[in-house]
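Chemist: In the order they appear, the protein sequences are chains A and B.
With our numbering, you'll find the first sequence wraps up at 290, consecutive numbering, no jumps.
With our numbering, you'll find the second sequence wraps up at 354, consecutive numbering, no jumps.
Here a beta-carbon is modelled for each residue, glycine too, at the ideal position from N, C-alpha and C.
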Amino acid sequence: MSEQVTTLPEGAKSIATEAPALPRRRRQLQERLTAAMLGTSFPVLLVVLWHVGVKYTGTRLIPSPYDVAVMMYDFTFGGIYDDAFSASILTHIWKSMTRVYGGFLMAALIGIPLGLMIGRIKLLRQLLDPTINVLRPIPVTAWLPLSMIFFGLGPNAAIFLVFLGAFYPILLNTIFGVRSVDVRLFEAAAMLGCSGSAMFRQVVFPASLPSIFNGLRVAHGFAWILIVVGEMTGVPTGLGSVIMDGRTLSRTDLVVTGMIVIGAMGFITDRLIVQISNRVLSWSPQHSG
Amino acid sequence: MDKVAPTILAVRGVTKRFAIGDDEIEALARIDIAMAAGEFVCMIGASGCGKSTLLRIVAGFEEPTSGGVAVQGKPITGPGSDRGMVFQDYALFPWMSVHQNIGFGPRQRQLPRREVQAIADEFVRLVGLERFADRYPSQLSGGMKQRVAIARVLANNATILLMDEPFGALDALTREQLQRELLQIWARTGVTIIFVTHSVEEAVLLADRVLVMSAGPGRIENDIRIDLPRPRDVSSPEFNAVRRDVARRLTSHLAPVQAASH
């Protein structure tokens, strides 16, 4: 915590605090740079190995990093192949995001309240727990045929599959979060006059938030993983459909490009979720910073 | 204290049995206590003598197997804001600041926002945490956390404070300071306090009455009035005489090892 001497006049204070702060900030910057360099050096090494591997074996089935870079450029800006995929990256990202976040938000909107209630109400737990545990191990891909029957060919089937994949981690982590809250917090709240739905809003939900955020993060990862499966359901746009098209057209450069974009999107949005959770959970010593 | 003060808390014929597997354990055997308003009562006894169970029954967290508890003549049916529990491990809401924790009770009463703020401010001041009002519990020392816990129940108009070894986890210096502060708060607010401890010195320092409990099943063996004038001096011969007397009665129900703790 800050040990700033607040009684010092403004000028003196800035001298007093800035003098030791500067080297510390520089050290932090240095540390961050080192981390960034180490973090990027490994993928660079992988790309080099990939390049050498493709050149050495002379394979035509795997594109070289250069081929993929050209494809990525064309996918982003166009002007090279000028085909259906040129300069279409934003459309595909946008379409995929509507499906990823459509399914993810629906999973959160149903999974969190349901999890809070299952965690807190014994009757509901006894009613639903066996069903959940039977449905949960069924792979999402196994639902593909049924979801196409339920929702037809199109984005709704994709959203449903993402929803299924995101739902269980959110639900289970929420239940776990509620179950692991110190019972004394509920007792303390009850003795202070809190009950019923106010208890859910003011105590059960915030107390379970660290675990809920764990579930959201895992579920969010699954949602991006499942987008490829979801967009196998015959939708014309989206990063998953780009990969499926690349497969049917035997254009592996397109496949790898799609993979990289999904990876990058998943990474960026995951950082965003971590930022949000650190902010929301700033009270928790495990999350601040 | 005042002998004509009305009875605020009456524990009548309370017993408690727990089922453990096929066995039934008698945790409390017929407890009767009457407490006058404003009285400071310490309960002391070995672990397992049921003092915490008794406190939880008074709080309304557990139901007695038979008998009942009445506050101001009315039987209790569950937890209520008239009885505020202060737990040994604080049980503060970790996602709320000091100020929000203290304002939690008033918020439940649907008071206007400004009034909640004013009450919280007042009780933050009462326990001297103005500078830490915006901190989260994880950023506080144990002593500060326990001050917040005390302020939280007082801000909710609790007339009876139930304290379950509240200072047990604190270091000796902080404990002494909090004992002093608690006595000041008690004198200023006139609350009734039931304080569970296993320190004889703490009991004699704080209490108007010390209830010595013994285990198997839990019952009250002695009800000792402490007539030492306040503020009490722990190093005075009079204090030591009383302390020895209480310790002797406690050890007569205890194994010698446990009696050595103070």
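Distance check for M233 of chain A and M245 of chain A, CA to CA, integer angstroms please.
Modeler: 7 Å
Chemist: Starting from G247 of chain A, trace the alpha helix (DSSP H) both ways and give me its first and last residue.
Modeler: 240 to 249
Chemist: Classify N248 of chain B as buried or exposed, calling it buried when 16 or more other Cβ atoms lie within 10 Å of its own Cβ.
Modeler: Here N248 of chain B is buried: its Cβ has 16 or more other Cβ atoms, across all protein chains shown, within 10 Å.
Chemist: Quick one: give me the first and last residue of the beta strand (DSSP E) that L253 of chain B is part of.
Modeler: Annotation for L253 of chain B: the continuous beta strand (DSSP E) segment containing it runs 252 to 256.
Chemist: Chain A partners of S291 of chain B, CB-CB under 7 Å?
Modeler: Those within 7 Å of S291 of chain B in chain A number zero; the least Cβ separation is about 22 Å.
Chemist: If you draw a straight line from the alpha carbon of S119 of chain A to that of D181 of chain B, how long is it in whole angstroms?
Modeler: Before going further, note that residue 119 of chain A is Ile rather than Ser in the sequence given. Whole-angstrom Cα-Cα distance: 27 Å.
Chemist: Use the C-beta contact count for G178 of chain A: other C-beta atoms within 10 angstroms, 16 or more gives buried, fewer gives exposed.
Modeler: buried
Chemist: Let me confirm a value: T251 of chain B is counted as buried when at least 16 other C-beta atoms fall within 10 Å, else exposed. Which label applies?
Modeler: buried
Chemist: Find out if the Cβ-Cβ distance for the pair P98 of chain B, A129 of chain B is shorter than 7 Å.
Modeler: In contact: P98 of chain B and A129 of chain B (Cβ atoms closer than 7 Å).
Chemist: Do the CB positions of G176 of chain B and V219 of chain B come within less than 7 Å of each other?
Modeler: no
Chemist: Does any CB atom of chain B fall closer than 7 Å to the CB of R185 of chain A?
Modeler: By this cut-off, R185 of chain A is an interface position.
Chemist: Please specify which runs of the alpha helix (DSSP H), each continuous and at least 4 residues long, are wholly inside the segment 39 to 63 of chain A, giving them in chain order.
Modeler: none
Chemist: Of all the CB atoms in chain B, is at least one closer than 7 Å to the CB of M200 of chain A?
Modeler: no
Chemist: Contact defined as beta carbons within less than 8 Å: I believe I136 of chain B pairs with T281 of chain B. What is the distance between those atoms, to the nearest angstrom?
Modeler: That pair is no contact at about 24 Å.
Chemist: To the nearest angstrom, report how far apart L274 of chain B and T266 of chain B are at their CA atoms.
Modeler: 12 Å
Chemist: Go ahead and pull the three-state DSSP assignment for V163 of chain A.
Modeler: Three-state result, V163 of chain A: helix.
Chemist: Suppose contacts are defined by Cβ-Cβ distances below 7 Å. Is V163 of chain A in contact with G231 of chain A by that definition?
Modeler: yes
Chemist: Between the segment 146 to 167 of chain B and chain A, which residues of the former have a C-beta closer than 9 Å to a C-beta of the latter?
Modeler: R148, A151, G152, F153
Chemist: Just how far apart, CA to CA, sit A158 of chain A and F201 of chain A?
Modeler: 33 Å
Chemist: Kindly list, in the order they appear in chain A, the residues whose Cβ is closer than 9 Å to that of Q200 of chain B.
Modeler: A190, L193, G194, C195, S196, A199, Q203
Chemist: DSSP three-state label for A299 of chain B, please.
Modeler: coil
Chemist: What would DSSP say about P98 of chain B, mapped onto helix, strand or coil?
Modeler: coil
Chemist: Could you give the C-beta distance for D183 of chain A and R218 of chain A, rounded to a whole number, given that I count them as a contact under 8 Å?
Modeler: 23 Å between Cβ atoms; not a contact.
Chemist: Output, in chain order, the set of chain A residues within a Cβ distance shorter than 8 Å of D115 of chain B.
Modeler: Ordered by position in chain A, no residue passes the 8 Å Cβ test against D115 of chain B, which lies about 24 Å from the chain.
Chemist: Quick one: what's got a C-beta closer than 7 Å to V236 of chain A's C-beta in the same chain, skipping five residues either side?
Modeler: Taken in chain order, the residues that qualify are G155, P156, A159, S242.
Chemist: Using a C-beta to C-beta distance shorter than 9 Å, which residues of chain B count as neighbours of S285 of chain A?
Modeler: P186, W187, Y228, S230
Chemist: Just to confirm the assignment, what range does the beta strand (DSSP E) spanning L255 of chain A have?
Modeler: Unbroken run through L255 of chain A is the alpha helix (DSSP H), 253 to 281; no beta strand (DSSP E).
Chemist: For A102 of chain B, collect the residues of the same chain with a Cβ closer than 6 Å to its Cβ; drop the 5 residues on either side in sequence, then sort them by chain order.
Modeler: A126, A162
Chemist: If we define contact as Cβ-Cβ less than 7 Å, is P114 of chain A a contact residue for chain B?
Modeler: It does not; no Cβ of chain B falls within 7 Å.
Chemist: Based on Cα-Cα distance, which residue from A:Y67, A:A224, A:I171 lies nearest to F104 of chain A?
Modeler: Phe is not the amino acid found at residue 104 of chain A; the sequence shown has Gly there. Of all alpha-carbon atoms in A:Y67, A:A224, A:I171, the one lying nearest the alpha-carbon of G104 of chain A is that of A:A224.
Chemist: Where does D226 of chain B sit, in a helix, a strand or coil, going by DSSP?
Modeler: In the structure shown, the three-state DSSP call for D226 of chain B is coil.
Chemist: S97 of chain A by DSSP, collapsed to three states: which one?
Modeler: Looking at S97 of chain A - three-state DSSP - the assignment turns out to be helix.
Chemist: Going by the DSSP bridge assignment, what does I123 of chain B pair with across the sheet?
Modeler: B:V106
Chemist: Please state if the CB of L320 of chain B and the CB of I286 of chain B are separated by a distance shorter than 7 Å.
Modeler: no
Chemist: Give the range of the beta strand (DSSP E) segment to which N314 of chain B is assigned.
Modeler: 311 to 317
Chemist: List, from N- to C-terminal side, the alpha helix (DSSP H) runs of 4 residues or more that fit wholly inside the segment 183 to 243 of chain A.
Modeler: 184 to 192, 197 to 200, 206 to 231
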